[in-house]
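Novice: So that you can map any letter, position 276 of the sequence shown is 275 in numbering that gives the first Met the number 0, and since no number is skipped, the others follow by simple counting.
Glycine included, every Cβ here is placed at the ideal spot set by N, Cα and C.
Handing you a structure now.
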Amino acid sequence: MPYNAAMERSTDRGHEPRWQVTVRVPTRIDFAGGWSDVPAFAAREGGAVVNAAITRYVEGRARWDEGGLRLEYDLALPPDAHLGTSGAINVAWLRLTHGLIGDTPPPTELAERAFRLEKLLGEAGGKQDQYAAALGGVHLLRFSGAEASAEVEPLELPEATLRALEARCVLAYSGVSSSSGDAHERVWERYRRGEGEVGKTVRGLRDSAYAARDALLAGDLEALAEVLTENREAARRLDARLVPPRLDELFEAGHRAGALGSKACGAGGGGCLLFLCTEGRRAAVEGALSERGATLLPFAFAPRVAP
């Protein structure tokens, strides 16, 4: 399972019994459709995203002892990785609190609660991160209606396709720190003002999610690589600051070394970059990125949670 929850009861000599709940929740990479999952757009025009949970986990612990309740998190990722970290942390927090009372809500309910929590905290993002963290696996997520309600389509990929993806994907941290919240504020303010290019671009991103789904189900990684690059260039059209010069430098280096497609993860502007490589060229791409100061983040795909 991509996350687990366990409750332990231990007695230390000279201390009262102590309860501990532990959880492990995956982060995600997104292949296509980002931005269209944001309710400002999805509630009006419908959104769609294809993403995959990965084994870069948020690990959380809730401890109750004589000193009271303490929550702790461990995250093996750089800051501002743009891998859905805040959504994963909120899903972990909810699983911890529910675990303390022995409750296990369905994954989709956890995802919606985590999104509502982020909204209360003033976050302006979409819903894909929370669903990836709560569901695990690879999915097409559709969002529609007044509440941008989610429809989940699990993508049952053959094991050979998953292993080929893992063998040909490179995830690298650019070293550029950026705020996804700031990017969302800029883009959605333009959308609210009725700038036609914003709506047109996000509609194209939404539609690209279906192309990504079809490519994955067909095992056509070359077609998937094209979709990644299309999403990267669509982000540039949304806001040039989403693909700053440092990211372009790394994209160009990766493609010269053998990448077929690439995009920034999440909102872009910095954080992590995803490359899909020509078969047999992964090591060369990794070397080219490392030489330019990027941090490689090996991963595998995290399996889906049973409903």
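Tell me the DSSP bridge mates of L171?
Specialist: Position check: residue 171 holds Ala in this sequence, whereas Leu was assumed. Partner(s): L272 and L295.
Novice: Per DSSP, what kind of secondary structure is H14 in: helix, strand or coil?
Specialist: Note that H14 has pLDDT 46, beneath the 50 cutoff, so the model's placement of it is unreliable and the number below is only indicative. Note: H14 maps to coil in three-state DSSP.
Novice: At a Cβ threshold of 8 Å, is G33 touching chain D?
Specialist: The structure shown contains no chain D; it holds only a single protein chain.
Novice: Three-state secondary structure (DSSP) at V90?
Specialist: The answer is helix: DSSP assigns V90 an H, G or I state.
Novice: Using C-beta distances below 7 Å, list every residue in its chain close to I88, excluding the 5 sequence neighbours before and after it, in chain order.
Specialist: Closer than 7 Å at Cβ, skipping near neighbours: V57 and Y72.
Novice: Between R62, N230 and A305, which lies nearest to V201 when the distance is taken from Cα to Cα?
Specialist: Minimum Cα distance to V201 is reached at N230.
Novice: Residues in the same chain with beta-carbon distance under 6 Å from F250, minus the five sequence neighbours each way, listed in chain order, please.
Specialist: For F250, where only same-chain residues beyond five positions count, the Cβ hits under 6 Å are S261.
Novice: On the criterion of 16 or more Cβ atoms from any shown chain inside 10 Å, does R55 qualify as buried, or is it exposed?
Specialist: That one is buried.
Novice: Going along the chain, which residues of its own chain have a beta-carbon closer than 7 Å to the beta-carbon of A214, five neighbours each way excluded?
Specialist: For A214, where only same-chain residues beyond five positions count, the Cβ hits under 7 Å are A222, L223 and V226.
Novice: What did DSSP end up calling R235 once you bin it into helix, strand or coil?
Specialist: Residue state, collapsed to three classes: helix.
Novice: Would the region 62-71 and the region 290-297 be scored as touching if the rule is three or more Cβ pairs under 8 Å?
Specialist: Touching, no.
Novice: Assess, as a yes-or-no matter, whether the region 43-52 is touched by the region 275-292 under the definition of 3 or more beta carbon pairs within less than 8 Å.
Specialist: Cβ pair count under 8 Å is below three, so no.
Novice: Hey, could you find the ends of the alpha helix (DSSP H) R191 is sitting in?
Specialist: S179 to R191 is the span of the alpha helix (DSSP H), which, as asked, contains R191.
Novice: What are the boundary residues of the alpha helix (DSSP H) that includes K118?
Specialist: Run containing K118: P106 to L119, per the alpha helix (DSSP H) assignment.
Novice: What separation, rounded to the nearest whole angstrom, lies between the Cα atoms of G135 and V90?
Specialist: G135 and V90: Cα-Cα distance of roughly 12 Å.
Novice: On the premise that A47 lies in contact with A131, defined as a C-beta separation below 8 Å, what is that separation, rounded to the nearest angstrom?
Specialist: With a Cβ gap of about 14 Å, A131 and A47 do not count as contacting.
Novice: If you draw a straight line from the C-alpha of R112 to the C-alpha of V242, how long is it?
Specialist: Cα-Cα distance, rounded: 31 Å.
Novice: In angstroms with no decimal places, state the Cα-to-Cα distance between R235 and V20.
Specialist: Those two C-alpha atoms are separated by around 43 Å.
Novice: Can you tell me where the beta strand (DSSP E) with D213 in it begins and where it stops?
Specialist: Note, D213: premise wrong, no beta strand (DSSP E); alpha helix (DSSP H) at G195 to A217.
Novice: Can you look up D36 in the DSSP assignment and give me helix, strand or coil?
Specialist: Reduced to three states, the DSSP call for D36 is coil.
Novice: Is DSSP giving A80 helix, strand or coil here?
Specialist: Coil.
Novice: Quick one: is G83 buried, meaning 16 or more other Cβ sit within 10 Å of its Cβ, or exposed?
Specialist: Its Cβ being crowded by 16 or more others within 10 Å, G83 is buried.
Novice: Here's the rule: buried if 16 or more other CB atoms are within 10 angstroms of the residue's CB, otherwise exposed. What is I28?
Specialist: Classification of I28: buried, given that the 10 Å Cβ count is 16 or more.
Novice: Taking C-alpha atoms, which residue in L220, L70, A133 and S178 lies nearest to P78?
Specialist: The residue with the shortest Cα to Cα distance from P78 is S178.
Novice: Are the CB atoms of V37 and H183 nearer to each other than 8 Å?
Specialist: Yes, the Cβ-Cβ distance between V37 and H183 is below 8 Å.
Novice: For R23, write down the residues that DSSP places opposite it in a beta bridge.
Specialist: E58, per the DSSP bridge assignment.
Novice: Could you check the C-alpha separation between V304 and Q127 for me, to the nearest Å?
Specialist: The alpha-carbon atoms of V304 and Q127 are separated by roughly 16 Å.
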